Amino acid sequence: MIPFVDLKSQYASIKDEIGVAIQGILDTCQFTLGSEVVAFEKEFAAYCQAEQGIGVNSGTSALHVALLAAGVGPGDEVITVPFTFVATVAAIHYTGATPVLVDIDPRTFTMDPNAIEASITEKTKVILPVHLYGQAADMDPILEIAKRRGLVVIEDAAQAHGAEYKGRRTGSMGDMGCFSFYPGKNLGAYGEGGMVVTSNPDYARTMRMLRDWGAEKKYQHVLKGYNYRLEGIQGAVLRVKLRHLEAWTEGRRTAAAHYDRFLSGSGVATPEAMPYARHVYHIYAIRTRQRQAWMDALQAQGIQSGIHYPIPVHLLPAYADLGYKAGDFPHSEKAADEVLSLPMFPELTASQCETVSNALRKLAGAA
Ligand SMILES: Cc1ncc(COP(=O)(O)O)c(C=O)c1O
């Protein structure tokens, strides 16, 4: 049996450190925010090459407070992609603004910079690229357009902890970068968590208030805020796990290299790592037109797989009111029909990659 992710074996490898970290929170009773969260904010911001980190209770909340800090509200438009997890678009909706979607580059599954300009109107405030699967979007042209048109850039880096674009870490290139620490993410909490990183002190101050009821001092509510605080236990756990993240990322990159090698010449369409990218392989997605048959055949051999994501946001019933229709974003729609995520976690061995690859070679008729 080869699982899709294996959180248990990772926990087993750090059990003692985690025990000490959680006991520390129980001893101090700093259950929400507190010194471990403050320390983790500093360490994770530095890891992302940004000056400040604002810990929140999910990646979705991170996107929400970042959009609010950028001044986004009803009547504004935010440009993003339909080929993402629904949270990206949901967070825009929370602010009352209108999500405006543009298609992806089919090679990278990320925002096609050439599609942006035609979608900019006088209402556009923010461009929100998603570093899907752990590979950075093509940021230079996106940043150039934003600068020229006076727009804010917010990166959805929920899947891209430690990913790089031309040596720059994701989260540090735009005005703000948003991360998720959902348990299955490359850096996962033992519960929910998220963070915005930024080097803009004004945005940072606003977001610190927004996550904690809009107050800088207790009971002095300057803004209409939220209860989006990061828990102390999550901060303590994430501090421990951050110390291992580079080794785990290398484990993912090694596993991806094994897949690339074992699948080469098989006719299986493997993911493309761009020359500008340090891809951190949150997801290793191949493409196939026989997805369900391949998933079933893998499952019959004890190999789990997944689909990220089967329906692009513009075709989800929840967002039908955006007014898009099938055919509007052909690359996103084709990707949603074809992508198949293979088992991927840092501890995945070469022989497990070979087993999965051999099964796929047979399915592709190349074995
Ligand atoms: C691309 C993307 N954006 C946003 C989110 C939202 O993060 P969370 O689940 O922590 O709210 C996720 C993950 O779930 C995601 O994959």
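Everything in the sequence shown is counted per the numbering used here, starting at 305 for the first residue and increasing by one.
Just so you know, even glycine gets a beta-carbon here, dropped at the ideal spot from N, CA and C.
Please read these numbers as outputs of a predicted model, since none were measured by experiment.
Query, Result
"Which first and last residues belong to the beta strand (DSSP E) in which Arg-547 is found?", "Premise fails: Arg-547 lies in the alpha helix (DSSP H), 536-567, not in any beta strand (DSSP E)."
"With a 10 Å radius around its C-beta and 16 neighbouring C-beta atoms as the bar for buried, classify Leu-311 as buried or exposed.", "exposed"
"Between the alpha carbons of Pro-487 and Ile-424, how many angstroms are there, rounded?", "36 Å"
"According to DSSP, His-525 sits in a beta bridge with which residue or residues?", "Ala-519"
"Quick check on the DSSP output: what are the complete alpha helix (DSSP H) runs of length 4 or more inside the segment 596-666, in order along the chain?", "634-642"
"Entirely within the segment 402-426 and at least 3 residues each: give me those beta strand (DSSP E) ranges in chain order.", "402-405"
"Counting Cβ pairs, one atom from each stretch, are 3 or more of them under 8 Å apart for the segment 536-554 and the segment 336-351?", "yes"
"Can the beta-carbon of Gly-495 be found closer than 9 Å to that of Cys-352?", "no"
"Does DSSP put Ile-587 in a helix, a strand or coil?", "coil"
"Just to check, is the beta-carbon of Tyr-532 closer than 8 Å to a non-hydrogen atom of ligand 1?", "no"
"Give a yes or no on whether the C-beta atoms belonging to Thr-399 and Pro-378 are separated by under 9 Å.", "yes"
"Quick check on the burial criterion: 16 or more other C-beta atoms within 10 angstroms. Buried or exposed for Cys-333?", "exposed"
"Apply the 10 Å Cβ neighbour rule to Arg-411 and answer buried if 16 or more other Cβ atoms are within range, or exposed otherwise.", "exposed"
"Do Pro-386 and Asp-416 have their C-beta atoms closer together than 9 Å?", "no"
"Could you tell me if Val-457 is buried or exposed, where buried requires 16 or more neighbouring beta carbons within 10 angstroms of its beta carbon?", "buried"
"With respect to 8 Å, is the separation between the Cβ of Lys-545 and the closest non-hydrogen atom of ligand 1 below this value?", "no"
"Do you know offhand how far Lys-427's Cα is from Asn-361's?", "30 Å"
"At 3 residues or longer, and completely inside the segment 452-521: list those beta strand (DSSP E) runs for me, N to C.", "456-460, 480-484, 498-502 and 519-521"
"Please identify the residue among Arg-565, Thr-392, Glu-355 and Glu-520 whose C-alpha is closest to the C-alpha of Ala-462.", "Thr-392"
"With DSSP as the reference, identify every bridge partner of Glu-381, one or two as the case may be.", "Thr-402 and Thr-428"
"Between the C-alpha atoms of Gly-328 and Phe-335, what's the straight-line distance to the nearest angstrom?", "10 Å"
"For Tyr-588, which residues from the same chain have a beta carbon less than 7 Å from its beta carbon, with the 5 sequence-adjacent residues on both sides left out?", "Ala-560, Tyr-563, Pro-575, Ser-645, Leu-646 and Met-648"
"Is it right to say Tyr-530 is buried, meaning 16 or more other beta carbons lie within 10 angstroms of its own, or is it exposed?", "buried"
"Suppose contacts are defined by Cβ-Cβ distances below 9 Å. Is Gly-498 in contact with Ser-484 by that definition?", "yes"
"Do Leu-667 and Trp-598 have their C-beta atoms closer together than 9 Å?", "yes"
"Would you call Ala-508 buried or exposed, if buried means 16 or more other Cβ atoms sit within 10 Å of its Cβ?", "buried"
"In whole angstroms, what separates the C-alpha of Val-572 from that of Gly-610?", "16 Å"
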